[in-house]
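Numbering (our numbering), first residue to last: 370 to 933.
A virtual CB, placed ideally from N, CA and C, is assigned to each residue, including glycine.
What follows is a set of notes on a single structure, which appears directly below.
Right, here's the structure in full:
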């Protein structure tokens, strides 16, 4: 069990279940290697597949299945895994355990235990499930779950004893009947210390209204443009488990799209969290937080709505991180084969299309991407780009695809190193959801990815190149406890500046380890850590050793009595 301490004490590096990655002077003498990934899911014999109820009749939602959440639901220091699953299309029911959403507890020895039934998460009348958002909405220290569905959406309160309770009925998190919700993200948009919720919606749909699309006499999945675009929804946390739908008054109602991936960050650095949404065949959205509960959709004016040809593409997953370490948060979104994966570099006042300059344009041409994310897999201090790939359906050659890892070489150029990531990484399939986190607490990020009608892969990082690292758990006391959106600048002893922030909603339909990760390369000491907390508090910490998990608690502002 990982023992966590608040700041003023440095955690003792611990041994993960594949060996110690603590401080070790001999590491500097190791020959540098490129880490690779090994699937440890077979060791747990997981009785689970991503079941999209594949049928000869092509129903619209079947291609979007298999969200992932990596989070510590029982507060034992080990990251657990939650999967969303499909339903029987004919009646939209999770008729038996083969369709249940599933929770697997990390035993800490390289295996995972199915605790779905005893956690209270089995069954439920949710219909076809898509995305999952993790967040402690009531600041009680236990991570709660929101599940986005084709049926009703669901809010599960974490009771702190290993069980969850469905509290949706009295929460106010309702939506119009027939509205498909794909993803969601928790964030405190009004800086009142409570996590609010934004939900990405795709269209109105039911089995009866499904359009029967065909190519000749063969059924095919319909072009998304056959379906109606809709507004995303924003819910304000009122406290006491209650939420208010502020979609109309906030400005979210005005923008109609087909929402997929969602990323939250303070893009314009004004102290207010903004929202990027990747849209499928519609222009991408960037909701700029104007304060006073209002947002303005500025995707076009900020330069993230279209690709470099002025085309709205099939944007799927998204992530927002500072890939070039210039202190500004950038945006990445992937899409289907033959389109251009979009890397948007934040220039301060707008975004510059950076796919061609960075080689992403060329590297991604043959892939259809779904979930994605910036991940410093080799701990060199540059955020690389991972994508879970697979075409929509069987479509001649190159339909089942393997994942890709585009390595960030220097903050400007990426190279495809997928072939070096190991045979388990190169699994051919219809990959969909993916999330990142350190599953064995060895300092290197791991990946969990789903594939349609197959078991998930739990890809453990070999963590064998000798690079240094630091993981931060930020606990809000005045800000929301999860500190979502808190920005961190880390300066190494040599003067190198690295940037990251607390971000949970990553990729597509997925939530990632909320701990903030920094790869430090060959540096074993950090000169300073500067934190900008969501509600404005600034904190600076000096002289930190590398290769540890460090918990930092937000200092209370003068005159505040808030304490958690």
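- If you draw a straight line from the Cα of residue 673 to the Cα of residue 713, it comes to about 7 Å.
- In the displayed model, residue 468 falls within a helix according to three-state DSSP.
- The segment 471–526 is shown to contain whole alpha helix (DSSP H) runs of 4 or more residues at 485–488, in chain order.
- Two segments are said to touch when three or more pairs of C-beta atoms, one from each, lie closer than 8 Å; by this definition the segment 829–837 does not touch the segment 634–649.
- Between residue 540 and residue 517 a beta carbon distance of about 14 Å is seen, past the 8 Å cut, so the two are scored as non-contacting.
- Closest by C-alpha distance to residue 917, out of 889, 927, 747 and 465, is 889.
- Taking every protein chain shown into account, the CB of residue 706 has 16 or more other CB atoms within 10 angstroms, so this residue is buried.
- Per DSSP, the continuous beta strand (DSSP E) segment holding residue 827 begins and ends at 826–830.
- In summary, residue 788 is exposed, with fewer than 16 beta-carbon neighbours lying within 10 Å of its beta-carbon over all protein chains present.
- The DSSP-derived three-state label of residue 622 is helix.
- Here residue 865 is not bridged, per DSSP, to any residue.
- The secondary-structure analysis by DSSP pairs residue 628 across a beta bridge with 648.
- Take the alpha-carbon of residue 578 and the one of residue 800: they are about 27 Å apart.
- For a cut-off of 8 Å, the C-beta gap from residue 699 to residue 689 is around 7 Å, short enough to register as a contact.
- Excluding the 5 residues flanking it on each side, residue 583 has same chain C-beta neighbours closer than 8 Å at 589, in chain order.
- Cβ contact annotation for residue 458 (same chain, cutoff 6 Å, sequence separation greater than five): 422, 428 and 576, in chain order.
- If you draw a straight line from the Cα of residue 659 to the Cα of residue 666, it is about 10 Å long.
- In summary, residue 716 is exposed, with fewer than 16 beta-carbon neighbours lying within 10 Å of its beta-carbon over all protein chains present.
- Of the residues 618, 831 and 915, the one whose Cα lies closest to the Cα of residue 403 is 831.
- Residue range 729–732 is occupied by the alpha helix (DSSP H) that includes residue 731.
- Ranked by Cα distance from residue 885, the options 538, 479, 797 and 814 are led by 814.
- When secondary structure is reduced to three states using DSSP, residue 551 falls in the strand class.
- Sorting 803, 735 and 811 by C-alpha distance to the C-alpha of residue 446 places 811 at the top.
- Secondary structure at residue 616: helix, using DSSP grouped into helix, strand and coil.
- The beta carbon of residue 435 sits closer than 6 Å to those of 419, 801, 802 and 819, all from its chain and outside the five residues before and after it, given in chain order.
- In the structure shown, residue 706 adopts coil according to DSSP, grouped into three states.
- Taking 8 Å as the cut-off, the Cβ atoms of residue 853 and residue 504 count as close.
- Taking the Cβ atoms as the reference, residue 521 lies roughly 7 Å from residue 495, within the contact range of under 8 Å.
- Exclusion of the five residues before and after residue 627 leaves 571, 572, 593, 598, 648, 649, 650 and 651 as the residues of its chain whose Cβ lies within less than 7 Å of its Cβ.
- For residue 574, the closest of 624, 784 and 430 by C-alpha to C-alpha distance is 430.
- The continuous beta strand (DSSP E) containing residue 890 extends over residues 885–890.
- Looking at the DSSP output, residue 583 bridges to 588.
- Beyond the five residues adjoining it in sequence on each side, residue 655 comes within less than 6 Å, by CB distance, of 645, 667, 668, 671 and 673 in the same chain, given in chain order.
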